[in-house]
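Scroll down for the structure; my scribbles are underneath it.
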């Protein structure tokens, strides 16, 4: 199968490597020539534009950093919709707002094309290790068609429902991550301040009702999870900047449907405070600094 | 071994049953004669006062609903310290503030007595099934001495450190539970409002970074966790009232050491709002009503 | 002086009436023919488009409900910039984000035109009574030129600084209003619940350090401020919907510069909760319902 | 009239000076002999205990820093209730929780004595200048009796209702102050960050709907209110520590009646964060540092 890939950043580049490893032909494009050159060195085929990628591929994937860029790459004159043949299927792996995701699916449908939203979690480490989770919004046929390709890059490929629902699930999950990470930071800082050893505290929580991914896998207190960013100077991982970007998407989506997200909004502001203090490029677990740097 | 037990409520009564099942002699006292009669019917021995319980036992346990009652039962003229012989050890299983816990340990030490704080999680269901978690603050010798007895009533017996640290761990865990449950309620309500099936949403979160006890075991959306209170009309489980009581202990302990707990304080107020609306005797997962009853 | 006015809604219509009362010629346009007819009946001159309004006027004003509409009315082919002669000055009275406001000022400058942002407070009552406050972002010359015209419609015409700063001041003021109104609602509900008469409580606060516009002029407890919406079934005044729209603008502007607004974000969510419960078209002081309807 | 005064701290000492200036005889006691000596040097008469003060006075006042001390000074064996004759009236000016205030009134009533709670606002500057505000909880007769004496020390003497209601009004006012000050800090920091001059911003807010004591009298941005602590290195005024103490009283009183105070609780935690960073002895307006020190 000929796969196209537009967006060869921290996520896209290793995903392409895994597609190639699976024996697929991969046509690539990126505005950064160095990123294209690196992919070609790994076996990919360079195309001159997103439109050309689409023209040469049966399945086109994108992994881009903002809704604006996603719209541009799909809708521009030299964009994907302009080049895609009638049986080409489209999969956007960017994390964007559900509203834009559905707009793009509609724009594709207007040209007779099928499109899925399939945002990913797992970070660049997961992308390299082919252990990503894909949260897929697509009709059942399209899901069946793209699942095997996504499996070459990820461990979990979850069908979340109709187009747009992949984005909804992604932003809900990440909003809960932000809340849990902030909450875990509060109680770790509190417990240590009250005299308990951080490993003992986390250990007890992890077999009790406070247990969460942020306590048992990515604990924000240094040394508790040996492989977590907190134990390595908060080197990311997923940065606080990206966490905030996802929380903003969730809070904005909530706004559109007038659904209150109170803890979510407080976490949003606390991440904003953290970034204002210069911690934006550190791991999201660095939010604990707000409770410690006193 | 002769064990004493003061406080035969929802937790104490089934704990006594498990002690008896393990073949131990259990001397009991409660201000409620019916509770004593029930325990005696099960094989326990009635004592006339907390002091008498202590005088007849090598290990004395208590499970009481408030710091005030705990102080009274230990420190009154007919209380436990007045009756305990010099080798009797004391274990308080109530959830109280760390400050009072340490005061009592000191009062016991002043009489040459060893005391542990060992608050429990797992609810009355866990008490019946002998699957409780004990979070124990005690010196190493005392912990070694009481661990086998606690094992007859629970699955996890965790040594949290010096006296008082059991309470610290308990309130930290429960504060994080309150935050996670509130956060899970926000994202479940949001995702469903944005058109995703609640089971699919929870399923995806539960293999991703938002995963927590409140999403994967006690999900607040009806029908997602079949055995959870949310799937049974929010019949408790642990009530919202008790959740608030524990959150209050945590927020107050944070206040004493000037440690901010921002999400914790917002959760506290939201539980207060829930209770003000008449949901206090429902399960703590009913907090999702604040995001749904519109 | 020939004045143009685009946007004849709740605010624009009475503002036009006051311009006419001051003896000015007023050219008007609105997409709603009935609104145009009403203005013409009052003495205004109908124009065929925003472009025509601009072509016939020395000063063009706009009062529109969203950034999207403002951009369209200024930038479309039949919009204001297309029609304005080289000495025409432009004044936008809409409340929009500072970013869009500055974009429009730049677009006007690119055609050699001077433009001010002059958002208003005071509501439709203030518009009728000519007691509005204008918060004006403009260079000093432009401010001097437009001030006399604005004075025909308002009591306070405040020069806030360079273009864009009128919007900044407006959204800062309204964010603080949202916070104060929510805070006043919390303490009024608390004090009454603790047994104090609401008028006595407000009276004491109003001569003390808690005093604010929301306590002394627009108190949310019914009967305390006889003329306030709370004393008339929460008939607006300024609706909760519009309050939320302004708070959203402020929180978004804060996001762009990574400035945390924690109480602001919580108020935002509480207004969202209020609106989700069906109170969106009531006065903003109805936020107290969240603390009372139990 | 013979007046007694127990508690000669920052507030009590200048209040005694004003009582003496009004020509009254003042019997004083404090555990700090230096404070007593200073009062005697000013014309007061030293007594050996709180009981002695009460025995020699027709009206006894207290100004103490905590509920615990207030209870002790009234209820101890050598306390006020033990010494007061049957026509002596009692006035406590300390800020304490309404619950304790009502307990003391009941204890006094049990001995046939009338007691009022009359917490004050205005700070030590107001105490010196005799411009304090007294918020008085007392029955109508008692209020009429004590009002003239309080007028010698303050400008506003407000009758808030039955005993206990003075405390309720005081903590409600101070909770709203904490919220307003935090909110004003958020919008001042935001507006300046968005490019507006702080004096212009405050000036516009102060004639608009965001106006409050914290914006127009004690603005937290340096230089805006020339006489405010912010313009003098945040030298107090009222310290952040005392602000937090009062907020704690309010949040605790809300807890007792299950009344949510969401913004109040967030402000509480933010003051806790400020104090944890070492700003506890600065003026309460220093809360703006959380939004600036980045």
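Residue numbers (this note's numbering), protein chains in the order written: chain A, 1 to 294; chain B, 1 to 294; chain C, 1 to 294; chain D, 1 to 294.
For every residue, glycine included, the Cβ atom is placed at its ideal position computed from N, Cα and C.
Query	Result
Give me the subset of the stretch 244-265 of chain A whose CB atoms are less than 7 Å from a CB atom of chain C, sorted by chain position.	248, 255, 258, 259, 260, 261, 262, 265
Buried or exposed: residue 219/A, going by 16 or more other Cβ atoms within 10 Å of its Cβ?	buried
Would you list, in sequence order, the uninterrupted alpha helix (DSSP H) runs of no fewer than 4 residues that lie entirely inside the stretch 195-279 of chain B?	198-205, 213-216, 240-256, 262-274
List the residues of chain A whose Cβ lies closer than 7 Å to the Cβ of residue 11/C, in chain order.	The premise fails here: residue 11/C is roughly 24 Å from chain A at the closest Cβ pair, so nothing lies under 7 Å.
Could you tell me which chain B residues have their CB closer than 9 Å to the CB of residue 276/D, listed as they occur along the chain?	257, 258, 259, 260
Throw me the rounded Cβ distance for the residue 63/B and residue 7/B pair, which I believe falls under 8 Å.	4 Å
Taking the alpha carbon of residue 182/B as the point to measure from, which residue in 243/A, 266/A, 79/A has its own alpha carbon closest?	266/A
Curious, which full-length beta strand (DSSP E) runs of at least 3 residues does the stretch 157-196 of chain A contain?	none
Near residue 13/A, what residues of its chain come up, given a Cβ to Cβ distance below 7 Å and the 5 sequence neighbours on each side ignored?	35, 38, 39
Please report the straight-line C-alpha distance between residue 232/C and residue 201/D, rounded to a whole angstrom.	32 Å
Taking the alpha carbon of residue 47/C as the point to measure from, which residue in 194/C, 29/C, 59/C has its own alpha carbon closest?	29/C
Near residue 101/A, what residues of its chain come up, given a Cβ to Cβ distance below 8 Å and the 5 sequence neighbours on each side ignored?	92, 117, 137, 163, 164, 166, 167
Using a Cβ-Cβ cut-off of 8 Å, state whether residue 56/A counts as contacting chain C.	no
Give the range of the alpha helix (DSSP H) segment to which residue 18/C is assigned.	12-21
Count the CB pairs spanning the stretch 243-255 of chain B and the stretch 275-290 of chain A that are closer than 8 Å, and state whether there are at least three.	no
Using a 10 Å radius around the Cβ and a threshold of 16 neighbouring Cβ atoms, would you call residue 217/C buried or exposed?	exposed
For the alpha helix (DSSP H) holding residue 102/A, just list the boundary residues, first then last.	98-110
Between which two residues does the alpha helix (DSSP H) containing residue 64/B stretch?	Unbroken run through residue 64/B: none, as it is neither H nor E.
Can you find a CB in chain C that lies within less than 8 Å of the CB of residue 141/D?	no
In angstroms, rounded to a whole number, what distance separates the CA positions of residue 111/C and residue 84/C?	9 Å
Mind checking which residues open and close the alpha helix (DSSP H) that includes residue 116/D?	Taken as a continuous stretch (DSSP letters only), residue 116/D belongs to no alpha helix (DSSP H), being part of the beta strand (DSSP E) at 114-117.
What does residue 197/B touch in chain A if you count any residue whose Cβ is under 9 Å from its own?	160, 161, 165
Take residue 258/C as the anchor and find which of 275/A, 243/A, 254/A has the nearest alpha-carbon.	275/A
So what's residue 92/B in DSSP terms, helix, strand or just coil?	strand
Could you pull out every residue in the same chain whose Cβ sits closer than 8 Å to the Cβ of residue 19/B, ignoring the five residues on either side in sequence?	3, 5, 26, 149, 152, 153
Does the distance from the C-beta atom of residue 155/D to that of residue 95/D stay below 8 Å?	no
Report all residues from its chain with a CB closer than 7 Å to the CB of residue 142/A; omit the five preceding and five following residues, and keep chain order.	89, 114, 116
If you draw a straight line from the alpha carbon of residue 106/C to that of residue 239/A, how long is it in whole angstroms?	34 Å
According to DSSP, simplified to helix, strand and coil, what is residue 24/D?	coil
On the DSSP bridge assignment, give the partners of residue 2/C in chain order.	25/C
Along the beta strand (DSSP E) that carries residue 137/B, what are the first and last residues, could you check?	132-137
Looking at C-alpha atoms only, which residue of 159/D, 97/D, 131/D, 194/D is the closest neighbour of residue 140/D?	159/D
In chain order, what residues of the same chain lie with their CB nearer than 8 Å to the CB of residue 261/B, ignoring the 5 residues before and after it?	175, 250, 251, 254
Starting from the Cα of residue 22/D, find the closest Cα among 284/D, 44/D, 78/D and give me that residue.	44/D
Classify residue 283/C as helix, strand or coil using the three-state DSSP reduction.	strand
Let's test the definition: count the other Cβ atoms within 10 Å of the Cβ of residue 289/C and tell me whether it reaches 16, buried, or not, exposed.	buried
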